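**Student:** Residue numbers for the sequence shown follow our numbering, so the first one is 1154 and each next one is one higher.
Even glycine gets a Cβ: it sits at the ideal position worked out from N, Cα and C.
Every value quoted in this text rests on a predicted model; they were computed, and no experiment measured them.
Sending over a structure as structure tokens; questions will come in a sec.
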Amino acid sequence: MILAGDANNGSFDKNLSRLKFQYKDGKEYQVQVKLPRRNITETLSNAIRLFKCGVVLDGYRTAPSQAMVISQSQGQATFKIILENGEEEQIRKIMEKAGLKILNLQYIKKDK
């Protein structure tokens, strides 16, 4: 959290640069999921929020991640997910928590 007074002492810039750096060395995955029959928009938004905010899995909070829907059709959606820390199992657990069934999970690359 950034307080109003923080902007004057340089911590605002420090926090901003940390956010920019946060995803620099992430692992990129493409994840295809089966969409629910109802509340599709709400379910997709919830999944994105869970990745961006982090969740508690197995007693530990996951690091925030980037997540976006890159396509949606025929009862399926495809996500692009970039994890700073974590592995495929984290993606599987978060998608399950969001109520989405994974059809295909593919590692794309590790950014350098």
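Report buried or exposed for L1236, applying the criterion of at least 16 other Cβ atoms within 10 angstroms of its Cβ.
**Tutor:** Here residue 1236 refers to the residue found at position 83 of the sequence shown. Buried, by the Cβ-count rule.
**Student:** Return the first residue and the last residue of the alpha helix (DSSP H) that N1253 is part of.
**Tutor:** For the purposes of this step, residue 1253 is taken as the residue at position 100 of the sequence shown. First, the residue type needs correcting, since residue 1253 is Leu and not Asn in the sequence shown. Counting along the chain, L1253 falls outside any alpha helix (DSSP H), and DSSP gives it neither H nor E.
**Student:** Since I1244 contacts V1184 with CB under 8 angstroms, what's their CB separation in whole angstroms?
**Tutor:** Reading the sequence shown from its first residue, position 91 is the one you call residue 1244. Reading the sequence shown from its first residue, position 31 is the one you call residue 1184. Yes, I1244 and V1184 are in contact; Cβ-Cβ is about 6 angstroms, under 8 angstroms.
**Student:** Look up Q1183 in the DSSP assignment and say whether it is helix, strand or coil.
**Tutor:** Here residue 1183 refers to the residue found at position 30 when the sequence shown is read from its first residue. Three-state DSSP puts Q1183 in a strand.
**Student:** Quick one: complete alpha helix (DSSP H) runs, 4+ long, within the segment 1188–1254?
**Tutor:** Listed in chain order, the complete alpha helix (DSSP H) runs (minimum 4 residues) inside the segment 1188–1254 are 1193–1206, 1241–1251.
**Student:** Considering only residues of the same chain and omitting the five flanking positions on each side of L1203, which have a CB-CB separation below 7 angstroms?
**Tutor:** Walking along the sequence shown from the start, residue 1203 turns up at place 50. Only I1247, K1250, A1251 meet the Cβ criterion.
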